[in-house]
Amino acid sequence: MKKKKHQLTIGVLGFQGDIEENVAAAEQAVEEMKINGKVELVRYPEEMEKVDGLILPGGESTVQTALAAIQRSLPILKKRIADGMPVLGTCAGMIMLSKKVYDHAVGETKQKTTGNLDIVIERNAFGRQNDSFEADLKIDMLGKGAFKGVFIRAPAVSEAGKDVEVIATHASKIVAVKQKNIIGTSFHPELAGDVRMHKQFVKMALDYRRTK
Ligand code: GLN
Numbered sequence: 014m015k016k017k018k019h020q021l022t023i024g025v026l027g028f029q030g031d032i033e034e035n036v037a038a039a040e041q042a043v044e045e046m047k048i049n050g051k052v053e054l055v056r057y058p059e060e061m062e063k064v065d066g067l068i069l070p071g072g073e074s075t076v077q078t079a080l081a082a083i084q085r086s087l088p089i090l091k092k093r094i095a096d097g098m099p100v101l102g103t104c105a106g107m108i109m110l111s112k113k114v115y116d117h118a119v120g121e122t123k124q125k126t127t128g129n130l131d132i133v134i135e136r137n138a139f140g141r142q143n144d145s146f147e148a149d150l151k152i153d154m155l156g157k158g159a160f161k162g163v164f165i166r167a168p169a170v171s172e173a174g175k176d177v178e179v180i181a182t183h184a185s186k187i188v189a190v191k192q193k194n195i196i197g198t199s200f201h202p203e204l205a206g207d208v209r210m211h212k213q214f215v216k217m218a219l220d221y222r223r224t225k
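At the far end of the sequence shown sits residue 225, using the working numbering, and the numbering has no gaps.
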């Protein structure tokens, strides 16, 4: 079959954290969806301009933001998201997108974020490394069947703005949200052994590219 000229490009922010795991999950999603697409690491502003959707991996939000700031990638990221580019922020990635950040132990952190996602977030809301856990989540957007939430030093959403849809909760805390082109999860979908969340995201990127 003749390959379509324009390939869908999914980016994974490549500074720190669960980078390879997200690349693998996105590649699996693209393959299973039989899409002409590729997955690339993104670090520099010019790379950020080229992608149709970007995944911000879990890891350490302060380190990732600091590295992105050094590369002058944060303002571009903020602008591209505001212009409609789909973004999937998982764990530290969701923290990087939020309006305001608190830490369970130390209060407001004043760390830099893009601020595109209208939420207040509490870092380490379920405790620290030893309190990492897995839980079955009900996420209607992904269809029937529980989605395995892998929570590692996970944050939770403590306040959500009016345009923010809550898509999953656990233990009375908000653990996944959607605001137009932005999905944020407290957990690590790339570690679930289930690429439904990545497929949902690839679909959003595909729809976005079609509007361009
Ligand atoms: N607690 C980490 C942070 O604040 C996030 C943990 C994770 O991404 N698994 O950056």
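Think of the CB as a built atom: it goes at the ideal place given N, C-alpha and C, for glycine as much as any other residue.
(1) Quick check: is any heavy atom of the ligand PLP less than 8 Å from the C-beta of glycine 106?
(2) Let's see if you can read the secondary structure: which residues bound the alpha helix (DSSP H) around glutamine 41?
(3) Am I right that proline 70 and valine 114 are in contact with their C-beta atoms under 8 Å? What's the rounded C-beta distance?
(4) With glycine 197 as the anchor, note down where its beta strand (DSSP E) starts and where it stops.
(5) Sorted by chain position, which residues of the same chain lie with C-beta nearer than 8 Å to phenylalanine 146's C-beta, five sequence neighbours on each side aside?
(6) Spell out the partners DSSP gives isoleucine 23 in its beta bridges.
(7) Rounded to whole angstroms, how far is the Cβ of methionine 98 from the Cβ of glycine 66, which I believe are closer than 8 Å?
(8) Count the other C-beta atoms from every protein chain shown that fall within 10 angstroms of the C-beta of arginine 141, then say buried if there are 16 or more, exposed otherwise.
(9) Considering just the uninterrupted stretch of the beta strand (DSSP E) at leucine 150, what are its terminal residues?
(10) Is the distance from the Cβ of leucine 101 to the Cβ of histidine 201 below 9 Å?
On the basis of the data shown:
(1) Ligands displayed in this structure: the ligand GLN; the ligand PLP is not among them.
(2) 32-45 is the extent of the alpha helix (DSSP H) around glutamine 41.
(3) Rounded, the Cβ-Cβ distance is 17 Å, inconsistent with contact.
(4) Residues 195-198.
(5) Here the set comprises Phe139, Phe164.
(6) Isoleucine 23 has Val52, Gly66 as its beta-bridge partners, per DSSP.
(7) Sure, about 6 Å apart at Cβ, within 8 Å.
(8) Note on arginine 141: under 16 other CB atoms within 10 angstroms of its CB, so exposed under the neighbour-count rule.
(9) First-last of the beta strand (DSSP E) with leucine 150: 146-150.
(10) By the CB criterion at 9 Å, leucine 101 and histidine 201 fall outside the cutoff.
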